[in-house]
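Student: Residue numbers (full-length UniProt numbering): 1 to 589.
Just so you know, even glycine gets a beta-carbon here, dropped at the ideal spot from N, CA and C.
Take a look at the following structure, please.
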Amino acid sequence: MYPNSKTLQGIVSVLCPRDSQKDTAQPNLPRRHHDERTSVPACRTQLPTLDELNADVLRLIALQLPGSSLRDFGSLKEFASCSRALRQVASPILFYCCHRRNPEYRYPPEAIRPFIRHLKYTGRFDDDESRETFETLLDYLVSVTTLTFRSPRSVPWDVIKSCSNRPRITSLTFRPGAGFTRADRQYPVEDPECPAICLTSFSYVQVLWREIQGSNLRTMGRTKDLSPRFAREAAALSALVPKLHSTVEQLILPMETSPLLDMAALPWPHLRELTIYGRYLSGAQVESLPVLLSSLRELQSLAIRICRHSTIGRAPILGHHSSPSSVLSGLCSLIVAYPDPDDDILSVNTDSLRHLSLTDWPRYYNHIGYGAHYGQRWSSPILSPAECLSVLRRMDLPELSSLELVYLADGAGSDDDLLQYIVSAFPKLAHLELHRYRTDRKEEVDHTHIARILASARALRTLRLNLDFRGDHGPYCGDYAVRKKWWDTFKGTLGWEIVDIVQDCPLLGCVEILYHGAPTATWVEFHPQRCAEPRFVLSYDDDHRDSELMPYTWFEIFSTGPWSGDPEWELTPPPEDPPQDPDSRAMTD
Numbered sequence: 001m002y003p004n005s006k007t008l009q010g011i012v013s014v015l016c017p018r019d020s021q022k023d024t025a026q027p028n029l030p031r032r033h034h035d036e037r038t039s040v041p042a043c044r045t046q047l048p049t050l051d052e053l054n055a056d057v058l059r060l061i062a063l064q065l066p067g068s069s070l071r072d073f074g075s076l077k078e079f080a081s082c083s084r085a086l087r088q089v090a091s092p093i094l095f096y097c098c099h100r101r102n103p104e105y106r107y108p109p110e111a112i113r114p115f116i117r118h119l120k121y122t123g124r125f126d127d128d129e130s131r132e133t134f135e136t137l138l139d140y141l142v143s144v145t146t147l148t149f150r151s152p153r154s155v156p157w158d159v160i161k162s163c164s165n166r167p168r169i170t171s172l173t174f175r176p177g178a179g180f181t182r183a184d185r186q187y188p189v190e191d192p193e194c195p196a197i198c199l200t201s202f203s204y205v206q207v208l209w210r211e212i213q214g215s216n217l218r219t220m221g222r223t224k225d226l227s228p229r230f231a232r233e234a235a236a237l238s239a240l241v242p243k244l245h246s247t248v249e250q251l252i253l254p255m256e257t258s259p260l261l262d263m264a265a266l267p268w269p270h271l272r273e274l275t276i277y278g279r280y281l282s283g284a285q286v287e288s289l290p291v292l293l294s295s296l297r298e299l300q301s302l303a304i305r306i307c308r309h310s311t312i313g314r315a316p317i318l319g320h321h322s323s324p325s326s327v328l329s330g331l332c333s334l335i336v337a338y339p340d341p342d343d344d345i346l347s348v349n350t351d352s353l354r355h356l357s358l359t360d361w362p363r364y365y366n367h368i369g370y371g372a373h374y375g376q377r378w379s380s381p382i383l384s385p386a387e388c389l390s391v392l393r394r395m396d397l398p399e400l401s402s403l404e405l406v407y408l409a410d411g412a413g414s415d416d417d418l419l420q421y422i423v424s425a426f427p428k429l430a431h432l433e434l435h436r437y438r439t440d441r442k443e444e445v446d447h448t449h450i451a452r453i454l455a456s457a458r459a460l461r462t463l464r465l466n467l468d469f470r471g472d473h474g475p476y477c478g479d480y481a482v483r484k485k486w487w488d489t490f491k492g493t494l495g496w497e498i499v500d501i502v503q504d505c506p507l508l509g510c511v512e513i514l515y516h517g518a519p520t521a522t523w524v525e526f527h528p529q530r531c532a533e534p535r536f537v538l539s540y541d542d543d544h545r546d547s548e549l550m551p552y553t554w555f556e557i558f559s560t561g562p563w564s565g566d567p568e569w570e571l572t573p574p575p576e577d578p579p580q581d582p583d584s585r586a587m588t589d
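Okay, here's the thing in structure tokens:
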């Protein structure tokens, strides 16, 4: 998608076109001749006002305004304050999402209730009064169709039943902190009082590093025993997920506790998007995933991000015994972490595939930066350039427009064949993300050589590079002097050297390079000379943030605290508690 500024510029150019021949028209030419020679009728002497524009056009403008986001929607507020007509256009966007934070702020004002379609609930369910408050809130917000739980406590079954009693609620999301982990709460598989659950979207998202959340890094060898919590979570998901099979279109589930075999025995006629994340807890789970995927014929988007135990290595996704030609033949997006190059998942019909990601999960830089303390429990069977090239050559990808590859290079030039194949084999490739790691930790990455190869990708619009530079301090460095030295190189020379080479791509909007900042790694934008300012963009919003890091504090690692700040803060103020949900536009208390 184009940046907001580009979209607004395009809208304005269409609504208010300039007379391209005005400056060259002969001054003594009769007016009627001048009218015939211009592309804009002469009667249009005054530009239209905002109130005169079509409502759909105004809504598009409101959606593209800078600041139409969760934390800062000042521009949208100013837009809505111009007139009553514009306020009517902007209100559904401003008040789309309601975040119920504190018990004293129970219900939003009546005037904005009809606009609220997404409720984010952070209240607890400790007693009958709190549950009644929640149900009353649902009754007041009659337009809500999407519900996100961000409660720090477990969500009881009665609350799920309350949602199912309101068929207008079609989407449920559980964010980290909310879930089904309380020992005193039961989730019955059969409940005659519970009506059919007609959701189209269900997401159960938990933190990546559950075993070490809240643990001291000095005792990393002793992680939490989550077996009781996993058992309760599995019982709840076994009671809930199978009930969704007839209506659900999108599922996001944890590998540890999802009832995959029970799901494989049911039809899922409308399921189009499936994401499974987490880790394998047993060998039986490794075998259950191919069984489920082989039964899903209508999937359009599949994402498998699963950690492998050090004894498992490259686990099967479809395995080697299925019929790839008839399974998952309609995929438009495929994401697989640490894939087996010979797995049948990479031999399915990919005529319609537009996005392919052969990725890592967790990110391999966690293994490099802190693998000796924690990552040794989990294998990181990262692909080689030759394996990536073999996979891409085997797959038929005529529509591919977005590609992510993660690989471990043996040395300089070992991935040249892979890069040259990418730029020549995919003429529609618009978005490319490369994570190139070094086998030889002393290798000096020749980034200009890599950039010259990639400059041949003529359709490229965005390029993301994580080249694992030798001077890069990585994600868990608390030494300010080291970080400052890399920051000066990163911002002062390295990024500009790459973008100055790749800017020969005629459609290129920016090059994004991974920077390990605080609170997490983020993609920093370097824009070509032809672009308007700012040409350097450092942001920690959801569009730029990379993978979740392990819970940590730098001063605990190095015993040098307190932390003295980041060098990039000299340019950009530190981020303020970045939002966790990318799908929200506004918040009200």
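Alpha helix (DSSP H) containing Leu-237: first to last residue?
Tutor: Your numbering for residue 237 matches position 237 in the sequence shown. First-last of the alpha helix (DSSP H) with Leu-237: 227-240.
Student: What distance in whole Å lies between the Cβ atoms of Met-263 and Ile-306, which are believed to be in contact at a cut-off of 8 angstroms?
Tutor: One-based indexing of the sequence shown puts residue 306 at position 306. One-based indexing of the sequence shown puts residue 263 at position 263. About 16 angstroms separates the two Cβ atoms, so there is no contact after all.
Student: Among Val-291, Val-286, Ala-337 and Arg-297, which residue has its Cα nearest to the Cα of Ile-312?
Tutor: One-based indexing of the sequence shown puts residue 312 at position 312. For the residues Val-291, Val-286, Ala-337 and Arg-297, the minimum Cα distance to Ile-312 belongs to Val-286.
Student: For the segment 74-101, which segments carrying the alpha helix (DSSP H) assignment without a break, of at least 4 residues, lie completely within its bounds, in sequence order?
Tutor: Listed in chain order, they are 74-80 and 84-94.
Student: Thinking C-alpha only, which one of Leu-538, Trp-487 and Thr-520 is nearest Glu-512?
Tutor: Here the question's residue 512 lines up with position 512 in the sequence shown. The residue with the shortest Cα to Cα distance from Glu-512 is Leu-538.
Student: When you compare the CB positions of Cys-385 and Asp-415, do they come within less than 8 angstroms of one another, or not?
Tutor: To locate residue 385, count along the sequence shown from 1; it is residue 385. To locate residue 415, count along the sequence shown from 1; it is residue 415. Sequence inspection shows Pro at residue 385; the Cys mentioned does not correspond to that position. Yes. Within cutoff.
Student: So what's Gln-300 in DSSP terms, helix, strand or just coil?
Tutor: Indexing the sequence shown from 1 puts residue 300 at position 300. Reduced to three states, the DSSP call for Gln-300 is coil.
Student: So if DSSP puts Gln-250 in a beta bridge, which residue, or which two residues, is it bridged to?
Tutor: Residue 250 sits at position 250 when you count from the first residue of the sequence shown. Answer is Ser-201 and Glu-273, bridged to Gln-250.
Student: For Ser-69, which residues in the same chain have their Cβ closer than 6 angstroms to its Cβ, ignoring the five residues on either side in sequence?
Tutor: In the sequence shown, counting from the first residue as 1, residue 69 sits at position 69. Its pLDDT being 48, under 50, Ser-69 is placed unreliably by the model, and the measurement read from it follows with that caveat. Same-chain partners within the cutoff: there are none.
Student: Which residues share a DSSP beta bridge with Phe-174?
Tutor: For the purposes of this step, residue 174 is identified with residue 174 of the sequence shown, where counting begins at 1. Paired residue(s): Phe-149 and Tyr-204.
Student: Return helix, strand or coil for Tyr-421, following the three-state DSSP convention.
Tutor: Indexing the sequence shown from 1 puts residue 421 at position 421. Helix.
Student: Taking the Cβ atom as the reference point for each residue, do Thr-122 and Thr-145 lie within a distance shorter than 8 angstroms?
Tutor: Position 122 of the sequence shown, counted from the first residue, corresponds to residue 122. Position 145 of the sequence shown, counted from the first residue, corresponds to residue 145. No. Outside cutoff.
Student: Rounded to a whole number of angstroms, what is the C-alpha to C-alpha distance between Trp-554 and Pro-109?
Tutor: Locating residue 554 in the sequence shown gives position 554, where the first residue counts as 1. Locating residue 109 in the sequence shown gives position 109, where the first residue counts as 1. Residue placement at Trp-554 cannot be trusted, given a pLDDT of 45 that sits under 50; what the coordinates show is reported in the next sentence. Whole-angstrom Cα-Cα distance: 43 angstroms.
Student: What is the DSSP secondary structure of Leu-497, reduced to helix, strand or coil?
Tutor: Taking the first residue of the sequence shown as position 1, residue 497 is located at position 497. This sequence places Glu at residue 497; Leu is not what is there. Of the three classes helix, strand and coil, the one that applies to Glu-497 here is helix, per DSSP.
Student: Under DSSP, the beta strand (DSSP E) around His-447 begins and ends at which residues?
Tutor: In the sequence shown, counting from the first residue as 1, residue 447 sits at position 447. Taken as a continuous stretch (DSSP letters only), His-447 belongs to no beta strand (DSSP E), being part of the alpha helix (DSSP H) at 447-454.
Student: Return the bridge partner residues of Thr-522 from the DSSP annotation.
Tutor: Within the sequence shown, residue 522 is the residue found at index 522, counting from 1. In the DSSP output, where bridge partners are listed per residue, Thr-522 has Tyr-515 and Arg-545.
Student: Using only CA atoms, which one of Leu-296, Ile-276, Arg-297 and Gly-369 lies nearest to Val-336?
Tutor: Numbered from its first residue, the sequence shown carries residue 336 at position 336. Ranking Leu-296, Ile-276, Arg-297 and Gly-369 by Cα distance to Val-336 puts Ile-276 first.
Student: Give me, in chain order, the residues of the same chain whose beta-carbon lies closer than 8 angstroms to that of Arg-166; leave out the 5 immediate sequence neighbours on both sides.
Tutor: Position 166 of the sequence shown holds residue 166. Excluding sequence neighbours, Arg-166 sits near Leu-138.
Student: Would you tell me roughly how many angstroms separate the C-alpha atoms of His-99 and Gly-330, rounded to the nearest one?
Tutor: Residue 99 sits at position 99 when you count from the first residue of the sequence shown. Residue 330 sits at position 330 when you count from the first residue of the sequence shown. Cα to Cα, the separation comes out at about 37 angstroms.
Student: Around the Cβ of Pro-290, are there at least 16 other Cβ atoms within 10 angstroms (buried) or fewer (exposed)?
Tutor: Along the sequence shown, read from residue 1 onward, the residue named residue 290 stands at position 290. So Pro-290 ends up on the buried side.
Student: Less than 7 angstroms between C-beta atoms, sequence neighbours within five positions excluded: which residues of the same chain meet that for Ala-303?
Tutor: Working through the sequence shown from its first residue, we reach residue 303 at position 303. Cβ neighbours of Ala-303 beyond the five flanking positions: Thr-275 and Ile-335.
Student: For my contact list, Thr-350 and Leu-397 are in at a C-beta cut-off of 8 angstroms; report their separation, rounded to the angstrom.
Tutor: Counting from one through the sequence shown, the residue named residue 350 turns up at place 350. Counting from one through the sequence shown, the residue named residue 397 turns up at place 397. About 6 angstroms separates the two Cβ atoms, so the contact holds.
Student: Compute the Euclidean distance between the alpha carbons of Lys-120 and Gly-411, then round it to the nearest angstrom.
Tutor: Along the sequence shown, one-based indexing puts residue 120 at 120. Along the sequence shown, one-based indexing puts residue 411 at 411. Approximately 48 angstroms, taken between the alpha carbons.
Student: Between which two residues does the beta strand (DSSP E) containing Ser-162 stretch?
Tutor: Within the sequence shown, the letter at position 162 stands for residue 162. It is not in any beta strand (DSSP E) - Ser-162 instead sits in the alpha helix (DSSP H) that spans 157-164.
Student: If we count Cβ pairs, one from each stretch, closer than 8 angstroms, do we get three or more for the segment 432-446 versus the segment 459-479?
Tutor: Because the criterion of three Cβ pairs below 8 angstroms is met, the segment 432-446 and the segment 459-479 touch.
Student: Does the segment 495-510 touch the segment 539-547, meaning 3 or more C-beta pairs lie closer than 8 angstroms?
Tutor: No: fewer than three Cβ pairs fall under 8 angstroms.
Student: Indicate whether Tyr-407 and Leu-383 have their beta-carbon atoms separated by less than 8 angstroms.
Tutor: Mapped onto the sequence shown, residue 407 falls at position 407. Mapped onto the sequence shown, residue 383 falls at position 383. The answer is yes: Cβ separation under 8 angstroms.
Student: Whole angstroms is fine: what's the gap from Thr-359's alpha carbon to Cys-388's?
Tutor: Here residue 359 corresponds to residue number 359 of the sequence shown, with the count starting at 1. Here residue 388 corresponds to residue number 388 of the sequence shown, with the count starting at 1. Their Cα atoms are separated by approximately 11 angstroms.
Student: Run through the DSSP bridge pairs and tell me what Ser-402 is partnered with.
Tutor: The count along the sequence shown starts at 1 and reaches residue 402 at position 402. According to DSSP, which records beta bridges pairwise, Ser-402 is partnered with His-355 and His-431.
Student: What whole-angstrom Cβ distance do Ser-162 and Glu-135 have, given they're in contact under 8 angstroms?
Tutor: Working through the sequence shown from its first residue, we reach residue 162 at position 162. Working through the sequence shown from its first residue, we reach residue 135 at position 135. Indeed, because the Cβ distance is near 5 angstroms, the residues count as touching under 8 angstroms.
Student: Roughly how many angstroms separate the alpha carbons of Thr-522 and Phe-469, rounded to a whole number?
Tutor: Residue 522 sits at position 522 when you count from the first residue of the sequence shown. Residue 469 sits at position 469 when you count from the first residue of the sequence shown. Going by the C-alpha atoms only, they are around 15 angstroms apart.
Student: I need the straight-line Cα distance from Leu-60 to Ser-357, nearest angstrom please.
Tutor: As a working mapping, residue 60 is identified with position 60 in the sequence shown. As a working mapping, residue 357 is identified with position 357 in the sequence shown. Taking the straight line from one Cα to the other gives about 31 angstroms.
Student: What residue does the alpha helix (DSSP H) around Ala-284 start on, and which one ends it?
Tutor: What you label residue 284 is simply residue 284 of the sequence shown in a count that begins at 1. Unbroken alpha helix (DSSP H) run through Ala-284: 283-294.
Student: On the DSSP letters alone, give me the boundaries of the alpha helix (DSSP H) that Lys-224 sits inside.
Tutor: Here residue 224 is taken as the residue at index 224 of the sequence shown, counted from 1. No alpha helix (DSSP H) holds Lys-224; DSSP gives it neither H nor E.
Student: Could you check which residue in Ala-235, Tyr-480, Phe-95 and Phe-230 has the C-alpha nearest to that of Arg-279?
Tutor: As a working mapping, residue 279 is identified with position 279 in the sequence shown. It is Phe-230 whose Cα lies nearest to the Cα of Arg-279.
Student: Hey, out of Asp-472, Pro-427 and Ile-422, whose CA is closest to Ala-451's CA?
Tutor: The residue given as residue 451 occupies position 451 in the sequence shown. Per the Cα distances, Ile-422.
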